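Working notes for the structure below.
Numbering (this note's numbering), first residue to last: 2 to 85.
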């Protein structure tokens, strides 16, 4: 799963005309899903990393995307204080 997270860095460097600024997350999540499917096909079980890590990644990503897309006033004050 770490490799897929690093893959996001490379995928995010594509031209904005090819990918929207947030669309590359879908590509990385799709790669993780392929890992789950591979485990189901080959071993007929899902590795513990996916069982515990995937929900944490999805939840964290959902919180960040919600905060980013809605530009919550409380978070914007914190972000501006951090950035100066």
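Even for Gly, the Cβ is constructed at its ideal location relative to N, Cα and C. Computed from a predicted model, the values in this text were never measured in an experiment.
Buried/exposed call for residue i, threshold 16 Cβ in 10 Å
{"i": "residue 65", "result": "exposed"}
{"i": "residue 29", "result": "buried"}
Euclidean distance between Cα positions of residue i and residue j
{"i": "residue 70", "j": "residue 84", "result": "19 Å"}
{"i": "residue 79", "j": "residue 41", "result": "42 Å"}
{"i": "residue 67", "j": "residue 45", "result": "34 Å"}
{"i": "residue 39", "j": "residue 49", "result": "14 Å"}
{"i": "residue 73", "j": "residue 60", "result": "18 Å"}
{"i": "residue 82", "j": "residue 75", "result": "11 Å"}
{"i": "residue 63", "j": "residue 51", "result": "17 Å"}
Any non-hydrogen atom of the ligand GDP closer than 6 Å to residue i Cβ
{"i": "residue 65", "result": "Among the components modelled here there is no ligand, and therefore nothing to report on the ligand GDP."}
Practice item. Check whether the stretch 51–61 touches the stretch 28–38, taking contact to mean three or more Cβ pairs, one atom from each stretch, closer than 8 Å. Key: Touching, yes.
Check your understanding: At what residue ranges does the stretch 19–72 contain a whole run of the alpha helix (DSSP H), taking only runs of 4 or more?
Key -> Within the stretch 19–72, the alpha helix (DSSP H) runs of at least 4 residues that lie entirely inside it are, in chain order, 25–43, 49–71.
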